[in-house]
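Take a look at the structure set out below.
Numbering (UniProt numbering), first residue to last: 1 to 528.
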């Protein structure tokens with residue numbers, strides 16, 4: 001994987017793949033289960049090295065949790081998705097995958113700013129902030145209304161310096177058992193800034209900060225603020241996910257030889273005599289292969305493994321299967337898409353983060369960046385607005401009364417944020433509530449599931465799978481997909497694909513030396 005022209009940070013780190021032949025010495029076939037980002041990356045990595053690939057996906061569209069689909073509504077034939085996704089410039093391995101679908105500058109467009117506002121009247125902006133750390137964060141703090149000189153005097157200096165003194169994956173291990181909320185308490189960050197900025201990171205995992213891993217929080221802070229000079233802004237697709245990204249990528253993969261199979265996998269079988277695998281579908285079909293990439297998401301993976309009692313009894317398999325069975329799920333999230341009969345004000349941002357507006361976490365004005373929504377807006381003179389709610393009460397999914405109450409509450413909060421919407425009529429609405437994302441909690445780093453499994457020829461991939469690099473969300477899905485392909489290619493003596501990351505250590509030497517010096521001072525001197 002050599003597509004690097006979009007990497008601007010000179011300190012970005014390359015992880016070269018193992019050397020090997022250009023293709024297997026004898027024909028190899030892999031079944032990839034799941035057509036999300038992880039499965040697509042794995043399929044791409046394998047087919048480009050001459051490995052035959054069957055890609056099994058139950059949905060009509062590719063993209064997994066980042067897919068989009070058409071739906072009939074009172075607004076006509078429109079698109080729906082599982083919500084807004086930001087394609088940050090630090091997502092090197094995801095962008096390498098997307099490059100296969102076309103020119104990134106034609107697939108994606110920049111969002112100039114994504115302000116975050118709170119019900120208290122605070123507002124932060126990420127535009128016109130320097131790209132280079134730590135000046136980006138210093139500039140952000142100096143401009144933010146949530147920081148005062150008195151607030152900064154209360155910050156725990158040692159904890160603050162630890163954000164600059166990172167070393168992944170060791171930092172993940174060091175923060176075992178610590179939640180994001182615990183870490184923020186330890187940091188003594190101003191309460192207003194904590195709600196407006198830092199907790200946004202935790203909630204983007206659909207988790208409450210008290211349940212979310214501090215290691216993951218620090219990794220995200222490092223990746224976006226203090227470890228990368230790619231900047232704090234991001235790109236979005238120029239149209240819905242399917243039209244812009246996954247359908248073009250699917251066409252490229254099919255032309256390369258990937259065979260796409262529509263169906264739902266029920267279980268796996270493995271023959272210890274020859275090491276071959278059989279993937280059995282719910283409708284009775286089966287597909288045989290030399291190896292399997294299981295990229296079916298946390299819940300899909302659990303169901304498939306639990307339904308596969310004939311997996312060979314190899315060392316470590318029992319503990320691994322127990323860990324699979326106990327994968328925790330994050331609370332549900334909700335996406336409410338509204339088609340209005342009029343426009344929101346033209347000065348509204350395309351994407352807005354919110355804090356303390358009830359369940360509302362962000363607002364997207366889709367006609368500002370999606371071509372299909374823009375066409376609808378022009379034709380009907382209205383706006384297409386999408387609302388997100390993360391970590392909603394567990395009892396909500398399936399409860400129609402609670403679902404409608406949530407939709408009403410989200411609409412009411414939108415009117416507080418964008419008052420002009422109170423005078424608009426909703427022509428159509430689509431409410432989606434899902435609970436299928438893993439909770440990246442405070443459990444031991446060493447016990448988390450990784451790409452390698454105890455079963456030869458079976459590998460995992462997904463945004464919930466452990467990765468030593470400071471990556472998360474879509475970038476972790478893509479990275480582990482490439483890693484899964486590399487794992488299998490290496491076992492056959494075939495060259496893999498290079499990976500990239502933001503620096504895995506702090507960019508500067510002085511925070512580490514300052515912490516060493518402070519360790520020799522009385523505890524009372526560590527914070528002010």
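Think of the CB as a built atom: it goes at the ideal place given N, C-alpha and C, for glycine as much as any other residue.
Identify whether residue 103 lies in helix, strand or coil by the three-state DSSP scheme.
Position 103 of the chain shown, counted from the start, is the residue given in the question as residue 103. Three-state result, residue 103: coil.
Given residue 283, which residues of its chain have a CB within under 7 Å of its CB, disregarding the five upstream and five downstream residues?
For the purposes of this step, residue 283 is taken as residue 283 along the chain shown, with counting starting at 1. Counting only Cβ-Cβ distances below 7 Å, and skipping sequence neighbours, we find 263.
Buried or exposed: where does residue 493 fall if 16 or more other Cβ atoms within 10 Å of its Cβ makes it buried?
To locate residue 493, count along the chain shown from 1; it is residue 493. It counts as exposed.
From the DSSP output, in three-state form, read off residue 475 for me.
For this step, residue 475 is matched to residue 475 along the chain shown. Helix.
Boundaries of the alpha helix (DSSP H) in which residue 400 is found, first to last residue:
In the chain shown, residue 400 corresponds to position 400, counting from 1. 400–417 is the span of the alpha helix (DSSP H), which, as asked, contains residue 400.
Note down the Cα distance separating residue 167 from residue 12, rounded to an integer number of angstroms.
Reading the chain shown from its first residue, position 167 is the one you call residue 167. Reading the chain shown from its first residue, position 12 is the one you call residue 12. Going by the C-alpha atoms only, they are around 14 Å apart.
State the DSSP-derived secondary structure class of residue 286, mapped to helix, strand or coil.
Residue mapping note: residue 286 aligns to position 286 of the chain shown, counting from 1. Reduced to three states, the DSSP call for residue 286 is strand.
DSSP puts residue 555 in a beta bridge; with which residues?
The chain is shown only over 1 to 528; residue 555 falls outside these bounds and no answer can be derived.
Which residue spans inside the segment 11–66 form an unbroken alpha helix (DSSP H) run of at least 4?
37–47
Quick one: what's got a C-beta closer than 6 Å to residue 524's C-beta in the same chain, skipping five residues either side?
Residue numbering aside, residue 524 sits at position 524 when the chain shown is read from its first letter. Any reading at residue 524 needs caution, since the residue's pLDDT is 47, under 50, leaving its predicted position unreliable; the model's value is listed next. Hits under 6 Å: none found.
When the Cα atoms are used, what is the spatial distance from residue 277 to residue 457?
Here residue 277 refers to the residue found at position 277 when the chain shown is read from its first residue. Here residue 457 refers to the residue found at position 457 when the chain shown is read from its first residue. Between residue 277 and residue 457, the C-alpha separation is close to 8 Å.
Under 8 Å between C-beta atoms of residue 265 and residue 47:
Position 265 of the chain shown, counted from the first residue, corresponds to residue 265. Position 47 of the chain shown, counted from the first residue, corresponds to residue 47. Contact flag unset, no.
With DSSP run on the structure shown, which of helix, strand or coil describes residue 136?
As a position in the chain shown, residue 136 is number 136, starting the count at 1. Residue state, collapsed to three classes: helix.
Option in 225, 137 and 455 with minimal Cα separation from residue 321:
Numbered from its first residue, the chain shown carries residue 321 at position 321. Closest by alpha carbon: 455.
At which residue ranges does the segment 196–280 contain complete alpha helix (DSSP H) runs of 4 or more residues, listed in the order of the chain?
199–203, 214–221 and 247–256
Roughly how many angstroms lie between the CA atoms of residue 334 and residue 273, to the nearest whole one?
Translated into positions along the chain shown, residue 334 becomes position 334. Translated into positions along the chain shown, residue 273 becomes position 273. Going from the Cα of residue 334 to the Cα of residue 273 covers about 47 Å.
Out of 10, 6, 352 and 17, which one is the CA nearest neighbour of residue 499?
As a first step, residue 499 must be located in the chain shown, where it is residue number 499. If we check each option's Cα against that of residue 499, 17 comes out closest.
If we call anything under 8 Å between Cβ atoms a contact, is residue 418 one with residue 348?
Stepping through the chain shown from its first residue, residue 418 is reached at position 418. Stepping through the chain shown from its first residue, residue 348 is reached at position 348. Yes, they are a contact pair.
Indicate whether residue 39 and residue 295 have their beta-carbon atoms separated by less than 8 Å.
Reading the chain shown from its first residue, position 39 is the one you call residue 39. Reading the chain shown from its first residue, position 295 is the one you call residue 295. Their beta carbons are under 8 Å apart, which means residue 39 touches residue 295 by this criterion.
Which two residues bound the contiguous beta strand (DSSP E) that contains residue 388?
If you number the chain shown from 1, residue 388 lands on position 388. Looking at the DSSP string, the run of the beta strand (DSSP E) that includes residue 388 is 384–389.
Excluding sequence positions up to five away, which residues of its chain have a Cβ less than 7 Å from the Cβ of residue 534?
Residue 534 lies beyond the stretch modelled for the chain, which goes from 1 to 528, so this question has no answer here.
Cβ-based neighbour list, residue 315, same chain, cut-off 7 Å, excluding 5 preceding and 5 following:
Residue numbering aside, residue 315 sits at position 315 when the chain shown is read from its first letter. Same-chain partners within the cutoff: 454.
Which residues in the same chain as residue 424 place their Cβ atom closer than 7 Å to its Cβ, once the five residues preceding and following it in sequence are excluded?
What you label residue 424 is simply residue 424 of the chain shown in a count that begins at 1. Counting only Cβ-Cβ distances below 7 Å, and skipping sequence neighbours, we find 340, 341 and 342.
Would you check if the distance between the CB atom of residue 292 and the CB atom of residue 344 is smaller than 8 Å?
Against the chain shown, residue 292 aligns to sequence position 292. Against the chain shown, residue 344 aligns to sequence position 344. Not closer than 8 Å, so no.
Once DSSP output is grouped into helix, strand and coil, what is the label at residue 320?
The residue labelled residue 320 in the question sits at position 320 within the chain shown. Helix at residue 320.
In angstroms with no decimal places, state the Cα-to-Cα distance between residue 511 and residue 271.
Indexing the chain shown from 1 puts residue 511 at position 511. Indexing the chain shown from 1 puts residue 271 at position 271. Cα to Cα, the separation comes out at about 53 Å.
Compute the Euclidean distance between the alpha carbons of residue 252 and residue 184, then round it to the nearest angstrom.
By one-based count along the chain shown, residue 252 stands at place 252. By one-based count along the chain shown, residue 184 stands at place 184. Each residue's alpha carbon lies about 45 Å from the other.
If you reduce the DSSP assignment to three classes, tell me which class residue 174 lands in.
What you label residue 174 is simply residue 174 of the chain shown in a count that begins at 1. DSSP places residue 174 in helix when its eight states are reduced to three.
Please report the distance separating the alpha-carbon of residue 181 from that of residue 137.
Taking the first residue of the chain shown as position 1, residue 181 is located at position 181. Taking the first residue of the chain shown as position 1, residue 137 is located at position 137. When rounded, the distance between both Cα atoms is 20 Å.
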